[in-house]
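Peer 1: Have a look at this one before I ask anything.
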Amino acid sequence: MRASGRSSRVYVTLSAAMGPPIYVRNLTKVFRVHEREEGLAATLRSLFKRTFKDVPAVQDVTFEIGEGEVVGFLGPNGAGKTTTLKMLSGLLYPTSGEVRVLGMTPSHRDRQLLSAITLVMGNRSQLVWDIPAADSMRVLQEIFQLPEDRYRQTVDELTELLDLEPLLHKPIRNLSLGERMKVEFAAALIHGPRVLFLDEPTIGLDVTMQSRIRRFVAEYNRRTGATVLLTSHYMDDVVALCKRVVVIHHGRLLYDGALTGLAERMAPYKLIRVTLRDAALNSLLEPYGEPIEREENRVTLRVSREDAPDSTARLIQDLRGQVLDLTLEDPAIEEVIDRVFNQAEELHQAESQLLAATS
Amino acid sequence: MSGLLRMYRVLFVANFQAATQYRVQSVLWLLFAVIRPVVFLAAWSAAAKAQGGSIGDFTVGDFAAYYVCLSLVSQLTMAWDAYDFEYDVRQGKLAPKLLRPLHPLHYAVVSNIVYKVMTLPALLPALVLIAWTFQAHFQTQLWQLAVFVPSIVLAMTLRFVFGWVLAALAFWTTRLHAIMHLYDRVSFIFAGQIAPLSLLPGPLAVLGYALPFAYMLWAPSEILRGGVTFDQAMLILLAQLVWLGLSWLAFVAVWRMGLREFSAVGA
Amino acid sequence: MRYLRLLAIFARTELQFAAEYRVNLLLDLFEELIIVVTSFGAVLILFTHTGVINGWTLPQMTVLLGVYYILQGANSVLFETSFERFMEHVRLGTLDFILIKPANSQFLASARHVQVAQAGQVVLGLVMIGFGIAQIGVGVGVRQGLAFVVTLACGLALVYCLLLVLSTLAFWFVRVENLLAIFWAFVDAGRFPVDVYPGWLRITLSTIVPIGIAVTVPAQAIAGRLDTLGLVSMVGGTVLVWGFAGWFWKQGLRNYSGASA
C-alpha cells in the first residue's frame, strides 16, 4: 500500500528540503476565556465590560518526529494533548511558535497537506449515520480525487487488514461500536495519508477490539511507513505501539524519549518481590528495601535503582534457605506515569502559589 | 387527591427551573406566533382596502382584532405532545415513562402550562404592537370576556386531548409525523388561520362548523373579539363540550388499545 | 467543475439512501402536494372576496406563490438539511472532520446533504407559474424571461446567504438549539408580495431577512412589473450580500480555529 498519487508525488519532490514530517518549536497556545461570575450584578456588569482570563493550554513545546515513527502522546485530561494535535492538523491556530507538518504550515490549510494527513478521534465519527460506509467512502474518493484503480486497491487492502467484508454495506447505525471504529479507520485511511493523528482511538472499545486496532496500526505503519502520532489514556496502547513517548502536563513537555527511559528517569527505583518460606519472618526483609505491599505471603520492597543489584544479592545470601521466590521488576508503567504527573502537579501548584503571592 | 396535588406542585417547580434554561429558544419560537397572524392579516387588510374598507362583516380593524386574538389563543392552546410522544416511542423511552407513578398525561399537562406561562409575557407586548400598527378594533363586551374564560379552557383541553388521540397512534405507526403534518394542514384551513370561518366559501364553512378544529382556535378568538351574539356563544360552548367529550372517549379507547398493542409487541 | 462533480455525488448518495425508504419518499411527495395545494387554496379563498390585493391580481399571485415554492423547494433540496447537520457538527465537535478535508469548507458544510426528494415543491412551483402566466394571457417576452431567471437566481442566492449567516452564528451561539427557527418564522411571510406588509416587516423582509424580495422580485419580473432599476438593485444587492455572507463565514471559521483577531 503506497500513498495515493498526489501526496506521494509531493513527498518525493519535497523530501529533501522538507525536514522531519512533524516539526514543532516553541509551540504555544493560550485561550482567551471570558470569566463568568455568579449573580445578577456580575451578569449585568458583563454586559458592559467583559473580563478575560488567559488560559495557557500548550506552553513552549518543542519536538520533532521522524518519518515512520510511531510516537505516543501521554498526559492527563486537559494536559494539552488534543490542543497540540489540533494545531498539528491545522484545526487550531497557534498563539506563537513554529509548527510544520510535511514541510508545510498546517494553519495555511494547503490542499496538498490536507490530502496527506488524517485525523481519527476516539468517540467521534466522520461517517454519516444512516448510510453504509462504502457510500461514505465513495464520497471521500471524490473529495480526495483518488483515481479508481488506486481507490479499489486501497479499499481491498484495508478490507483485508481489518476484516471489513460484511461491514461496508451496512448502515453505520447497524454496526457495533468496535465495527464502527474499524470502518472509521478505513475511511480515514482511504487517501493513503503519510501522517496519522490518532486521538484516543481505542477509547470505549472492548479489550479484544483494542488489541485488534493496535495490531492494525502497527501493521499499517510497517507497510506504508506512515508517521503516527497517537494520544491515549490506555498504557497498553502506548506500550504496544510506541517506542517513543512525549509526556505533556499542564501544557508543558515533561519528557521526550524512549518509553523504557521514562521509567529510568522518572521512577528511579525497582521492585523486589519476595516470598519467604515462613511468613512470620517478613520483618527481616526491612533492611533490604522499603516494604510497600504485602499480598498473602509475598512482600514487595522498593529499592533505588543503584542499590537494586546489591540489595538483591545480599537478601538472597542472608536469607538463603528461606527465599521461596524472588523477582526484580521495573515499576508498572502506570505507576511511572502517575509519579510523573504527581511531581508535575506539585510543581505546578507551587508555581501557581508563588504567582499568586507575588502578584 | 392530596398526593396528586403534591406531585403536581413538584412537577411545576421542576418544570419552571428547566424552562429558564431555554429562554433564548422560547423567544425564538415566539417569532412564529407573532409573524404568522401578521402575514394573513396584512393580506386581508390589503384585500379589504381594495373592496372599500371591509369584506363581509370585517373591516380592517376587525381583521386586526381577529388575528391578534387568534394569535393569543393559538399560543394559549398550543399542544405539541404528539411529536414528543412519537419521539419517545421511537427511541424506546416510553416504557420507563409508563412505569412512573403518574400517567404520562400529567407530566405533559404541567410542561404545557409552564411553557405558556413563561412565554406569555413576551408575546403580549408583541400583540399590542400589532394591534396598534393595524389599528385593531375590538368589540368586546363584558359578558363576552366572561364567556371567554370557559371557552379558552375548553379549547386548550380540546386541542390537548385531540393531540393525544393522534399521539396514541404512535403505538401502531412509525410515520406519525406524516399524520401530524396532515392534521396541521387541515387545521390551517378549518381552524381559522386562513380566514375567519364566516369568510370561507359556503361548503368549506359548513364543514368547518362541523369539525372540531374551529373550536380550538377560531371560536374562542371570536368570543374574545366580540364578534358573536349570545346565542352563538352558547352554541360554541356546547360544540366545544361535545367535541371535548368525544375526543376524551376516543383517547381513552385508543390509549387502551395502544397499550395492549405496545405490551404485545414489546418495548 | 470539481465542485459540480462533488455536488453530483452528494446528491447520488443521499438519493440512494432515500430510495431505500420508498414509502417515506412517497409520503414526502404527498405532503409536498398537500402543502402546495392548501396554500393555493388559501390564495383562492382570499380572491373569492376581491379581485385585486395591493395591485396584484389572482394570476399574478399564483405566479408569486409558484416562485415561493420554487425557492422553498430549492432551499430544501440544496442546503437546508446540510446547514442543520452543520450546526450539529459544531455542537458535537465533529466539525473538525469537515475542516480537515482538502475542499472548501463552506461548500462542504452547505451542500453535503442534498435532498432530491424535496424537488416536488420545485416542480409544483413551476406548474403554478405556468398556470399563472397562462391566466395572465400575455405571453412572456425574452427580456422578461431573462429577468425572471436572473432575479430567481438572485432570490435563491439571498436565501442561501441568509441561511449561511444564521448557521455561521452557531460558531458563537453553540448551545442555541435551532438558529434556523429565525428563518422559519419569517419564511411564512414570503407567500404574499412584500408590499402588503406594514413598514417594519416590509423593511425587515427586504434587508435583514430578505425572503420578501427573494420571492416578490422574480414574480414581478415574470409578470412584467419589474423595471430596470429594480433589476439592477436586486442583482447589486445580491452581490453585496453574497460577499458579506462569505466574509462572515470566514470570520466564524477563524474564531472557531482560535485565530486571534
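Listed in order, the protein sequences are those of chains A, B and C. Per the working numbering, residue 1 is the first one in the first sequence, and the count goes up by one each step. Per the working numbering, residue 1001 is the first one in the second sequence, and the count goes up by one each step. Per the working numbering, residue 2001 is the first one in the third sequence, and the count goes up by one each step. A virtual CB, placed ideally from N, CA and C, is assigned to each residue, including glycine.
(1) Helix, strand or coil for LEU1105 of chain B? Go by DSSP, reduced to three states.
(2) Measure the alpha-carbon distance for LEU102 of chain A versus GLU329 of chain A and round it to whole angstroms.
(3) Closest by CA to HIS1106 of chain B, which one among B:VAL1039, B:VAL1073 and B:ARG1006?
(4) Opposite ARG2254 of chain C in the DSSP bridges: which residues?
(5) Closer than 8 Å by C-beta to MET2128 of chain C: which residues in its own chain qualify, once you throw out the five before and the five after it? Chain order, please.
(6) Quick one: measure Cβ to Cβ for GLY90 of chain A and ILE2100 of chain C, integer angstroms, because I've assumed they're closer than 8 Å.
(7) Is it the case that the Cβ atoms of ILE248 of chain A and THR84 of chain A are separated by a distance below 9 Å?
(8) Relative to the C-alpha of ARG1185 of chain B, which candidate in B:PHE1213, B:LEU1199, B:LEU1158 and B:ALA1170 has its C-alpha closest?
(9) Under 9 Å, do ASP1062 of chain B and GLY1192 of chain B count as touching if we go by C-beta distance?
(10) What does DSSP give as the partner residue(s) for PRO291 of chain A in the beta ladder?
(11) Quick one: using the 10 Å Cβ neighbour count with 16 as the cut-off for buried, is TRP1255 of chain B buried or exposed?
(12) What does LEU2099 of chain C reach in chain A if we use C-beta pairs closer than 7 Å?
(13) Can you pull the chain B residues whose beta carbon is under 8 Å from the beta carbon of LEU2058 of chain C, in chain order?
(14) Any beta-carbon of chain C closer than 9 Å to the one on LEU114 of chain A?
(15) Is it the case that the stretch 318–337 of chain A contacts the stretch 267–282 of chain A, given that we only count it when at least three CB pairs across the two stretches are under 8 Å?
(16) Of all the CB atoms in chain A, is at least one closer than 9 Å to the CB of LEU2025 of chain C?
(17) On the CB-based measure, 16 or more other CB atoms within 10 Å of its CB, does SER2110 of chain C come out buried or exposed?
(18) State yes or no: is the C-beta of THR2151 of chain C within less than 9 Å of the C-beta of LEU2226 of chain C?
(19) Taking only three categories from DSSP, how would you classify LYS1049 of chain B?
(20) Check distances from the C-beta atoms of the stretch 1177–1202 of chain B to those of chain C and list, in chain order, the residues that come in under 8 Å.
(21) Using the beta-carbon of each residue, which ones in chain B are nearer than 8 Å to ARG2191 of chain C?
(22) Along chain B, in chain order, which residues have C-beta atoms closer than 9 Å to that of GLU2088 of chain C?
(23) In whole angstroms, what is the alpha-carbon distance linking ILE2053 of chain C and ALA1046 of chain B?
(24) Could you check what DSSP says for VAL367 of chain A in three-state terms: helix, strand or coil?
(25) Let me know the secondary structure DSSP gives MET121 of chain A once reduced to three states.
(26) Output needed for LEU168 of chain A: all residues of its chain with C-beta closer than 6 Å, excluding positions within five of it in sequence on either side, in chain order.
(27) Using a Cβ-Cβ cut-off of 9 Å, state whether ASP2028 of chain C counts as contacting chain A.
(28) Can you give the Cα-Cα distance for VAL2241 of chain C and MET2234 of chain C, rounded to whole angstroms?
(29) Report yes if the C-beta distance between VAL24 of chain A and ARG100 of chain A is below 9 Å; otherwise report no.
(30) Kindly indicate which three-state DSSP category TRP2056 of chain C falls into: helix, strand or coil?
(31) Is GLU335 of chain A helix, strand or coil by DSSP?
(32) Checking contacts by CB at 9 Å: is GLY2041 of chain C closer than that to chain B?
(33) Please classify PHE177 of chain A as buried or exposed, where buried requires at least 16 neighbouring CB atoms within 10 angstroms.
(34) Below 6 Å CB to CB, which residues in the same chain sit around ARG277 of chain A once its five sequence neighbours on both sides are set aside?
(35) Alpha carbons only, please: which of B:TYR1215, B:ALA1250, B:PHE1251 and B:LEU1129 is nearest the one belonging to MET1234 of chain B?
(36) Looking at PHE1138 of chain B and ALA1065 of chain B, is the spacing between their C-beta atoms short of 9 Å?
Peer 2: Concretely, from the data shown:
(1) Helix.
(2) Near 40 Å, if we compare the C-alpha coordinates of GLU329 of chain A and LEU102 of chain A.
(3) Of the candidates B:VAL1039, B:VAL1073 and B:ARG1006, the one whose C-alpha sits nearest the C-alpha of HIS1106 of chain B is B:ARG1006.
(4) Paired residues: none, contrary to the question.
(5) Its chain contains VAL2036, PHE2040, THR2062, VAL2063, LEU2065, GLY2066 and TYR2069 as the residues whose beta carbon lies nearer than 8 Å to that of MET2128 of chain C, once the 5 sequence neighbours on both sides are disregarded; these appear in chain order.
(6) Their Cβ separation, rounded to whole angstroms, is 7 Å, which keeps GLY90 of chain A and ILE2100 of chain C in contact under 8 Å.
(7) The Cβ atoms of ILE248 of chain A and THR84 of chain A lie closer than 9 Å to each other.
(8) Comparing alpha carbon positions, the residue from B:PHE1213, B:LEU1199, B:LEU1158 and B:ALA1170 closest to ARG1185 of chain B is B:PHE1213.
(9) No.
(10) In the DSSP output, where bridge partners are listed per residue, PRO291 of chain A has A:LEU301.
(11) Its Cβ being crowded by 16 or more others within 10 Å, TRP1255 of chain B is buried.
(12) What LEU2099 of chain C touches in chain A: LEU91.
(13) For LEU2058 of chain C, no chain B residue has a C-beta closer than 8 Å to its own C-beta; the minimum C-beta separation is roughly 11 Å.
(14) At a cut-off of 9 Å between beta-carbon atoms, LEU114 of chain A makes contact with chain C.
(15) At 8 Å Cβ cutoff, the stretches touch.
(16) False, the Cβ-Cβ gap to chain A never drops below 9 Å.
(17) So SER2110 of chain C counts as buried.
(18) Contact: yes.
(19) Helix.
(20) For the stretch 1177–1202 of chain B, which is checked against every Cβ of chain C, the residues closer than 8 Å are ALA1178, HIS1181, LEU1182, ARG1185, PHE1188, ILE1189, ILE1194, ALA1195, LEU1199, LEU1200 and PRO1201.
(21) Neighbours of ARG2191 of chain C on chain B, chain order: VAL1039.
(22) Ordered by position in chain B, no residue passes the 9 Å Cβ test against GLU2088 of chain C, which lies about 15 Å from the chain.
(23) The straight-line gap from Cα to Cα measures roughly 5 Å.
(24) The first residue shown for chain A is 1 and the last is 359, placing residue 367 of chain A beyond what the model contains.
(25) Correct three-state label for MET121 of chain A: strand.
(26) Counting only Cβ-Cβ distances below 6 Å, and skipping sequence neighbours, we find ALA133 and ALA134.
(27) No - not a single Cβ of chain A is within 9 Å of the one on ASP2028 of chain C.
(28) Cα-Cα distance, rounded: 10 Å.
(29) It is a contact, given that the beta carbons lie within the stated cut-off.
(30) Strand at TRP2056 of chain C.
(31) Note: GLU335 of chain A maps to helix in three-state DSSP.
(32) Interface residue, yes.
(33) In the sequence on display, residue 177 of chain A carries Leu and not Phe. The residue in question, LEU177 of chain A, is exposed, as its Cβ has fewer than 16 Cβ neighbours within 10 Å.
(34) Around ARG277 of chain A: GLN322 and LEU324.
(35) Ranked by how close their Cα comes to the Cα of MET1234 of chain B, the residues B:TYR1215, B:ALA1250, B:PHE1251 and B:LEU1129 have B:TYR1215 in first place.
(36) Annotated as proximal: ALA1065 of chain B and PHE1138 of chain B, with beta-carbon spacing under 9 Å.
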